[in-house]
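With the numbering used here applied, the sequence shown covers -4 to 381. The C-beta atom is built at its ideal place from N, Cα and C for all residues, glycine as well. Source: prediction; values computed, not measured. Note sheet for the following structure.
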Amino acid sequence: MGSEPPGRRPRGLRGLRKPAKKRPAEPSPAPTADDPGTAAGPPAEAGGSIINAVLYRDGHRVSTHDTLAEAFRQQRAASGTLAWIGLHRPSHDELLALAAEFDLHPLAVEDALEAHQRPKLERYGGTLFVVLRAARYLDDPEEVDFGELHVFVGRDFVLTVRHGGAPDLSAVRARMEDTPELLKRGPEAVLYAILDAVVDGYEPVVAGVQNDIDEIETEVFGGDPRVSRRIYELSREVVEFQRATRPLNGMLEGLTAGFEKYAIDEELRRYLRDVADHALHTTDRVDGFRQALQDILAVNATLVNQQQNAEMRALAEAGFEQNEEIKKISSWAAILFAPTLVGTIYGMNFETMPELHWAAGYPFAILLMALVCTSLYVIFKKRDWL
């Protein structure tokens, strides 16, 4: 968020600065076990959907577990702990186990299983269910990759169910563990950090799409015939980006409206309002991208029409010139054909042709040829065929 003007962020939790975000250079799309303090190794659960299952007390890691059963057992034995469990494409049985342990609503569990949900925020009793659409920009194919994240937030637990490559929640966990003053504020603080990471993750996507639009503008005026397809593909990505970002404003407004009712910490309120500001800024940028692409598409259609009109005009002019040449050739062919016709008739040598024995026959034939040729020439000249 370095591009934001000074003063956008609150100075911290009662004098503490906002914890710095740690982002890997390339987020990994696959579930990993590289969270700080977690020993690397094969997951103990079949299917490998558990990324991590960690218990915290007062903002510090208490224990790390390889299975859901161990995490449940340890949390029941140790009061005052916060369970933060991360799953990647969990199985039906794993989600049912979580639902039974944390009393999750069946509709929310069904949404988390099926994925392909729109961003939303719903409350089921004491549990908050949040669906987020994260995004990341892939440089090599120059396209936007969207992921889906489902977050269950309860009194003493946070469950994240990730579908897709984004976001990288290991960086969120590392950031929170580096700032125990924030983590000890409970599940709402974890939800804030996740929301902040998702919204911040839109920034490189916005930059990448802006760069694509700049390239497309250059290609449009450069006459690249493939630019129409690229405009269409980028427009689809922008529409998908809008679907991911636009609901965030209403979701964050809903969270803000519940601050008093659910006694949200005042410092967390400031942080969430800051996330809402950044989400609104991103939404405005994405809306601007869609309008820009519509304008570029209109300009490209105009340029294509102009190019087609120029080509048709050039073809018409070439056809007109060709017709003029054909008229000239036809005119001279007709003029030359007239004496040939007269000469052919008088060259038949029939005995009954009176002109053959006429003393003035030859001059008459020559005069007839000249008269016909001159008449045709005058006629064609008046019609501008010659």
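Query raised in the report: Going by C-alpha distance, which of D53, M364, D61 is nearest A73?
Result: D53
Report task. Could you check what DSSP says for D151 in three-state terms: helix, strand or coil? Result -> coil
Report task. Return the residue from the list N344, V126, I324, L133 that minimises the CA-CA distance to L154. Result -> V126
Query - Sequence-distant residues of the same chain with beta carbon closer than 6 Å to T240, five excluded per side - result: T277, T278, V281
**Report entry** Residue(s) in a DSSP beta bridge with A78
**Finding:** L50, F152
Query - Cut-off 6 Å between Cβ atoms - residues of its own chain near S230, not counting five sequence neighbours on either side - result: L288
Query - Where the alpha helix (DSSP H) containing T339 begins and where it ends - result: 261 to 341
Report task. Out of R224, I189, F236, state which residue places its alpha-carbon closest to the alpha-carbon of P199. Result -> F236
Query raised in the report: Helix or strand or just coil, what does DSSP make of H145?
Result: strand
Query - Residues near L363 in its chain [Cβ-Cβ closer than 8 Å; skip 5 each side] - result: V337
Query - Supposed contact pair Y187 and Y266 - C-beta distance, whole angstroms, cut 8 Å - result: 5 Å
Query raised in the report: Can we say the segment 84 to 96 touches the segment 196 to 213, given the rule of at least three CB pairs closer than 8 Å?
Result: no
Requested in this report: Enumerate in chain order the residues of its own chain whose CB-to-CB distance from E117 is below 6 Å, with the five nearest sequence positions on each side excluded.
Outcome: F124
**Report entry** Cβ-based burial, W353 [other Cβ within 10 Å; buried from 16]
**Finding:** exposed
Query - Opening and closing residue of the beta strand (DSSP E) in which H55 lies - result: 55 to 60
Report task. Measure the Cβ-Cβ separation of L82 and I45 and say whether it is below 9 Å. Result -> yes
Query raised in the report: Applying the criterion that 16 or more other CB atoms from any shown protein chain within 10 Å of the CB defines a buried residue, is H273 buried or exposed?
Result: buried
Query raised in the report: By how many angstroms is the C-alpha of L91 removed from the C-alpha of P31?
Result: With a pLDDT of 37 at P31, under the threshold of 50, the predicted position of this residue should be treated as unreliable, and no value is reported.
Query raised in the report: Hey, H121 and G149: beta-carbon distance below 9 Å or not?
Result: One point to set straight first is that residue 121 is Gly, not His, in the sequence displayed. Yes. Within cutoff.
Report task. Check T122 in the structure and name its three-state DSSP category. Result -> strand
Requested in this report: Specify the secondary structure class of L366 as computed by DSSP and reduced to three states.
Outcome: helix
Query raised in the report: Do you know whose CA, among R308, I330, D260, lies nearest W380's CA?
Result: I330
Query - According to DSSP, residues forming a beta bridge with K115 - result: V126
Report task. Report the option in T347, G203, M348 whose CA atom is closest to the CA atom of E138. Result -> G203
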